Amino acid sequence: LALLTVGLAVALGVGLRQRAEAIRRIVVATEQLGDDGLPDGGRGMERHLTRLERAASRAIDREEQAAEVAGRLQGALDSVPHGIVVVDIDGEVVVRNLAASRFVEPRHGDALVADTVDGVLEQARMGDPDSREIELFGPPPVSYLVMGIPLGPREQLRGAVAVVEDVTERRRLESIRRDFVTNISHE
47 LALLTVGLAV
57 ALGVGLRQRA
67 EAIRRIVVAT
77 EQLGDDGLPD
87 GGRGMERHLT
97 RLERAASRAI
107 DREEQAAEVA
117 GRLQGALDSV
127 PHGIVVVDID
137 GEVVVRNLAA
147 SRFVEPRHGD
157 ALVADTVDGV
167 LEQARMGDPD
177 SREIELFGPP
187 PVSYLVMGIP
197 LGPREQLRGA
207 VAVVEDVTER
217 RRLESIRRDF
227 VTNISHE
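First residue of the sequence shown? That's 47 in my numbering, and the numbers climb one at a time after it.
What follows is the structure in structure tokens.
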């Protein structure tokens, strides 16, 4: 009988210790999920589980809201006519808009633009803004201005963004203007 009592006491002690550890873990998880309110009514583990469920529900709501915002931002970026590529500090693509998606698996002249994008992003990830113009002789001839911009100050870089702008029409108009001025001057 004494042995049975000692065994039950040990089992009860182990059970209470495990219960206390489970409650501690639930409290930690609840705090990590951002619920710092007081536990609701109930007793023991039940009140901590209620608090954990409430915190998990809030975390799911925040995740859904973040996904909605990210979707709206992606939609906004996709409506921009310039190609936009955002990379993290390790060079992994975080965001690429629709206009820049043609440089993912580039063919022909787009491969040259993709290499230029990679180059300006590499420079920008080191903290130095970069800008390069590339002309493709076509047909039809196309000119791109590719700009790389660091994200954050040099001591706290978080990545870089590249903007690819088709400047073909601008260059054509500049050429027409130059020719016009030259012809007028000559006349």
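A virtual CB, placed ideally from N, CA and C, is assigned to each residue, including glycine. A quick note: this is a predicted structure, and the numbers were derived from the prediction, not measured.
Do residue j and residue i count as a contact pair if the criterion is CB distance below 9 Å?
i	j	result
residue 210	residue 170	no
residue 180	residue 158	yes
residue 72	residue 98	yes
residue 166	residue 194	yes
residue 189	residue 217	yes
Return the first residue and the last residue of the alpha helix (DSSP H) that residue i is part of.
i	result
residue 147	Neither: residue 147 is in no alpha helix (DSSP H) and is coded neither H nor E.
residue 153	Taken as a continuous stretch (DSSP letters only), residue 153 belongs to no alpha helix (DSSP H), as it is neither H nor E.
Could you have a look at residue i and say whether DSSP puts it in helix, strand or coil?
i	result
residue 129	strand
residue 164	helix
residue 203	coil
residue 117	helix
residue 88	Here residue 88 scores only 49 on pLDDT, less than 50, and its place in the model should not be relied on; the value that follows carries that caveat. Reduced to three states, the DSSP call for residue 88 is coil.
residue 198	coil
residue 222	helix
residue 182	strand
residue 211	strand
residue 98	helix
residue 123	helix
residue 58	helix
residue 107	helix
residue 79	coil
In whole angstroms, give me the CA-to-CA distance for residue i and residue j.
i	j	result
residue 60	residue 204	48 Å
residue 62	residue 113	41 Å
residue 206	residue 67	45 Å
residue 231	residue 220	16 Å
residue 224	residue 202	44 Å
residue 95	residue 110	22 Å
residue 88	residue 51	Any answer about residue 88 is weak, because its pLDDT of 49 lies below 50 and its placement is not dependable; what the coordinates show is given next. Rounded to whole angstroms, residue 88 to residue 51 spans 31 Å at the Cα level.
residue 161	residue 74	48 Å
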